[in-house]
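Number of protein chains: 2
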Amino acid sequence: MHNLTKMKILKPAHEVYESFVDPVKIGNFWFSSSSARWEPGKTITLKYEEYDALGEIDILEIDPNKKIVFSWGANGEGHKVTMTFNEVEPSTTIIEVLEEGFEAQDLEGIGQLLDNKEGWVFMLTCLKGYLECGMNQLRTGLVK
Amino acid sequence: MHNLTKMKILKPAHEVYESFVDPVKIGNFWFSSSSARWEPGKTITLKYEEYDALGEIDILEIDPNKKIVFSWGANGEGHKVTMTFNEVEPSTTIIEVLEEGFEAQDLEGIGQLLDNKEGWVFMLTCLKGYLECGMNQLRTGLVK
């Protein structure tokens, strides 16, 4: 199974895309830090200081301002995530996040899907708040 | 199965609670309108003008500033939703939303759970943006 989440953001695709690949920006709406600019073939370390968490992603594919594909975990053993940036009209972008690789055959698997959905919806809403209104304080609001 | 979602909001419980029960406020972060102040025994009509949608809820229980229990649909045939408002420190409230009554025995049921999770996370993040920053433009961002 997969998780697909879509958000409309009143900004050009370039700005939405740069929010992820530019390590200066990500701390305003998602992880507290990103180790380098996202480029194909790189392994990026993402930190979530507030939750004392750290993870790595492998950047598999980049189409500037249009698409980012990465996998969670170094060495590509994790789920694949595809972000697409569709500028449906000037200064309006629909970002889609597709995460693939779930098995929802038992309660544990369904729980993982729900946690994953929670994370993407939350991040994308925080991104909208940051890009449209300059708000960077939403990102630590979700309580587990 | 159930869906449980929690959000920390840097406001007193009274303000978070009033955002739901006061029909003047709900349009800033969730439905576009609510037909009356939420009180026990009332059936409230909720409209989502942007999606041309309309629904009713039955208010089952109210503990002012602490708890709201309602069911979707008039006559109580729908899922039960319990919202609790826990002021963990002055001007900091954790709101919990619990929706019960899902069956996740097939792909359709799992899809309903995911849609439901998406809706609650989105609404609660919009509520945080509205109460903490006065932003009321997030609520129409989610794309189905």
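These protein sequences, in sequence, are chains A and B.
End of the first sequence sits at 144 in the numbering used here; the numbers just go up one at a time, nothing left out.
End of the second sequence sits at 288 in the numbering used here; the numbers just go up one at a time, nothing left out.
For each residue, glycine too, the CB sits at the ideal point set by N, CA and C.
All values reported here derive from a predicted model rather than from experimental measurement.
Anticipated Cβ contact below 8 angstroms, residue i with residue j, distance rounded
| i | j | result |
| --- | --- | --- |
| Leu54/A | Thr43/A | Contact flag wrong, Cβ pair sits at about 13 angstroms. |
| Gly73/A | Glu56/A | 6 angstroms |
| Ile9/A | Ile62/A | The Cβ separation is near 19 angstroms, so there is no contact. |
Whole-angstrom distance between residue j and residue i, CA atom to CA atom
| i | j | result |
| --- | --- | --- |
| Glu291/B | Phe173/B | With chain B represented from 145 up to 288, any question about residue 291/B goes unanswered, as that position is not in the structure. |
| Lys80/A | Gly129/A | 26 angstroms |
| Ser91/A | Val24/A | 22 angstroms |
| Val241/B | Phe122/A | 15 angstroms |
| Pro12/A | Gly278/B | 24 angstroms |
| Glu276/B | Cys126/A | 13 angstroms |
| Glu162/B | Thr149/B | 19 angstroms |
| Arg35/A | Tyr51/A | First, the residue type needs correcting, since residue 35/A is Ser and not Arg in the sequence shown. Computed Cα separation, rounded: 17 angstroms. |
| Asp166/B | Gly41/A | 52 angstroms |
| Asp202/B | Ile212/B | 11 angstroms |
| Phe31/A | Gly245/B | 34 angstroms |
| Ala248/B | Leu114/A | 12 angstroms |
| Thr237/B | Phe164/B | 14 angstroms |
| Glu89/A | Lys210/B | 44 angstroms |
| His158/B | Arg37/A | 43 angstroms |
| His146/B | Ile110/A | 11 angstroms |
| Phe70/A | Trp264/B | 27 angstroms |
| Lys117/A | Gly171/B | 24 angstroms |
| Leu286/B | Val160/B | 22 angstroms |
| Gln256/B | Thr140/A | 27 angstroms |
| Ser177/B | Lys144/A | 30 angstroms |
| Asn219/B | Glu193/B | 23 angstroms |
Closest residue to residue i among the options (Cα-Cα distance)
| i | options | result |
| --- | --- | --- |
| Asn119/B | Phe214/B, Gly255/B and Pro208/B | Residue 119/B is absent from the model: chain B starts at 145 and stops at 288. |
| Leu204/B | Glu183/B, Val287/B, Lys191/B and His158/B | Glu183/B |
| Leu282/B | Gln112/A, Lys144/A and Leu124/A | Leu124/A |
Residue i CB to nearest heavy atom of the ligand ZN below 6 angstroms
| i | result |
| --- | --- |
| Lys224/B | What this structure holds is no ligand at all, so the ligand ZN is not there to describe. |
Residues bridged to residue i [DSSP beta-bridge criterion]
| i | result |
| --- | --- |
| Lys152/B | Ile238/B |
| Val306/B | Nothing can be reported for residue 306/B, as the shown portion of chain B is limited to 145 through 288. |
| Ala197/B | Tyr192/B |
| Thr43/A | Asp58/A |
| Leu286/B | Met7/A |
| Ser33/A | Lys47/A |
| His158/B | None; His158/B has no bridge partner. |
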